[in-house]
Amino acid sequence: MGIETTRADRKGNKESRELPKATDTNSRSKPRKSRRRHKRMSPVQKLFETCKQVFANVGTGIVPSPEDIERLRAVLDGMKPQDVGLKPEMPYFQTQVARRTPPITYLHLYESDKFSMGIWCLPPSGVIPLHNHPGMTVFSKLLFGTMHIKSYDWVVDAPSNTSADVNPSEITAPPVRLAEVKVDSNLTAPCNTSILYPADGGNMHCFTAVTACAVLDVLGPPYSDPDGRHCTYYLEFPFASFSVDGVSVPEEEREDYAWLQEREITPEDLAVVGAKYAGPKIGQE
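FYI, in the UniProt record's numbering the residues of the sequence shown are 1 to 285.
See the structure below:
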């Protein structure tokens, strides 16, 4: 951009073409600060800063305010694979080992006693078995791909039972409990963030990768055995498998319910490999 000239300049007056010293001085004397460009906060840094605020006062069973829930959801809704340095062509998302369920990669971003951030990288047919999130609020953002999600909530005050019309070897203690299906469908990116709560929203869920996919998870508070937030896996049985006094569901609605039984050990077919997060850095000060 040039400095505006007078009419005499445009006609060719040589004297008027000389740049006035006062104008030159004023031009050079502008504060440098006004010409500086402020560095834009990266999306993953914005996510981290928002989580620090939203989960500042949470604990087991304590859910952030509706306003904070929406604020964090909005940040996650805007997240893209490139914001965390991911591409579908990366080795994490390739099926490299011939087995029934391929290994899943977990990228650790951050964890404190208030919240954790991490990414699950699933190749096609990768499965995260049915598990719970005790006393936790969980945000899951599918960054790319198609994933099948099946989730449950416990049916409040429903009795449990250990007798069933199935092989006795499959119904050993602990007893089964009745749960209601909340979600049983495919989710394809781009899509909105999924949220589950300590007692509703599908606190127990299972992820199955239809295609290669990546899920950014935020947990508040995170798993912690000393604080009673232990990750428990479950077996699921059709509603018709058990007969329990006091529990009656119309036949046309039985597909919306299942009996869940706690697994005493981690599923043998679950293979999770940890890998270093290589996306944009997160400043934690």
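All residues carry an ideal CB built from backbone N, CA and C; glycine is no exception.
Spatially closest choice to residue i from the options, by CA coordinates
| i | options | result |
| --- | --- | --- |
| Pro-102 | Leu-122, Val-84, Glu-89 and Asp-83 | Leu-122 |
| Asp-269 | Pro-91, Ile-104 and Lys-87 | Ile-104 |
| Ser-116 | Phe-55, Thr-211 and Pro-226 | Phe-55 |
| Leu-86 | Tyr-110, Gly-283, Ala-278 and Glu-180 | Ala-278 |
| Arg-263 | Arg-177, Tyr-110, Ala-199 and Leu-72 | Arg-177 |
| Glu-70 | Cys-231, Ala-179 and Ser-194 | Ser-194 |
| Pro-81 | Arg-254, Cys-51, Val-44 and Thr-232 | Val-44 |
| Glu-255 | Glu-236, Gln-261 and Thr-266 | Glu-236 |
| Lys-141 | Asp-113, Gly-78 and His-133 | Gly-78 |
Cβ neighbours of residue i in the same chain (closer than 6 Å, five flanking residues each side left out)
| i | result |
| --- | --- |
| Ser-42 | Pro-280 |
| Ala-271 | Pro-103 |
| Thr-146 | Asn-186, Thr-188, Val-210 and Thr-211 |
| Lys-150 | Asp-184 and Cys-206 |
| Ser-248 | none |
| Leu-109 | Met-117, Gly-118 and Tyr-277 |
| Thr-208 | Val-127 and His-148 |
| Gly-135 | Thr-60, Gly-61, Pro-198 and Arg-229 |
| Lys-33 | Bear in mind that a pLDDT of 49 at Lys-33, under 50, signals an unreliable position, so the number given afterwards is only what the model happens to contain. No residues qualify anywhere along the chain. |
| Asp-200 | Asp-153 |
| His-133 | Asn-203 |
| Ala-275 | Thr-105 and Leu-107 |
| Thr-50 | Leu-72 and Val-75 |
Assumed close pair residue i, residue j - CB separation to whole angstroms, cut-off 8 Å
| i | j | result |
| --- | --- | --- |
| Leu-47 | Leu-76 | 7 Å |
| Pro-124 | Thr-95 | 6 Å |
| Val-210 | His-148 | 6 Å |
| Phe-144 | Arg-73 | Contact doesn't hold; Cβ gap of about 19 Å is too wide. |
| Thr-60 | Asp-225 | With a Cβ gap of about 12 Å, Thr-60 and Asp-225 do not count as contacting. |
| Asp-153 | Gly-202 | 6 Å |
| Gly-220 | Val-84 | No, Gly-220 and Val-84 are not in contact; Cβ-Cβ is about 18 Å, not under 8 Å. |
Proximity test, residue i beta-carbon vs the ligand MG heavy atom, cut-off 7 Å
| i | result |
| --- | --- |
| Ile-62 | With respect to the ligand MG, the structure offers nothing, as it holds no ligand at all. |
Residues near residue i by beta carbon distance below 7 Å, same chain, minus five either side
| i | result |
| --- | --- |
| Phe-93 | Cys-121, Pro-123 and Ala-212 |
| Pro-222 | Glu-111, Phe-115 and Ser-116 |
| Gly-283 | Gln-45 |
| Pro-91 | none |
8 Å CB neighbourhood of residue i in its chain, flanking five on each side removed
| i | result |
| --- | --- |
| Ser-63 | It should be pointed out that residue 63 corresponds to Val in this sequence rather than to Ser. Taken in chain order, the residues that qualify are Ile-69, Thr-137, Tyr-197 and Pro-198. |
| Tyr-257 | Val-155, Leu-178, Ala-179, Glu-180, Val-181, Phe-239 and Val-249 |
| Thr-266 | Tyr-233 |
| Arg-100 | Asp-269 |
| Asn-192 | Arg-73 and Asp-77 |
Is the number of C-beta pairs between the stretch 202 to 219 and the stretch 119 to 134 that are closer than 8 Å three or more? Yes: at least three Cβ pairs fall under 8 Å.
Go through the stretch 93 to 157 residue by residue and report every complete run of the beta strand (DSSP E) that reaches 3 residues or more, in order. Fully contained in the stretch 93 to 157 are the following beta strand (DSSP E) runs of length 3 or more, in chain order: 104 to 111, 116 to 122, 127 to 131, 137 to 144 and 146 to 154.
Which complete beta strand (DSSP E) runs does the stretch 193 to 275 hold, if anything under 3 residues is left out? With a minimum length of 3 residues, the unbroken runs of beta strand (DSSP E) contained wholly in the stretch 193 to 275 fall at 194 to 196, 204 to 209, 213 to 220, 234 to 238 and 257 to 262.
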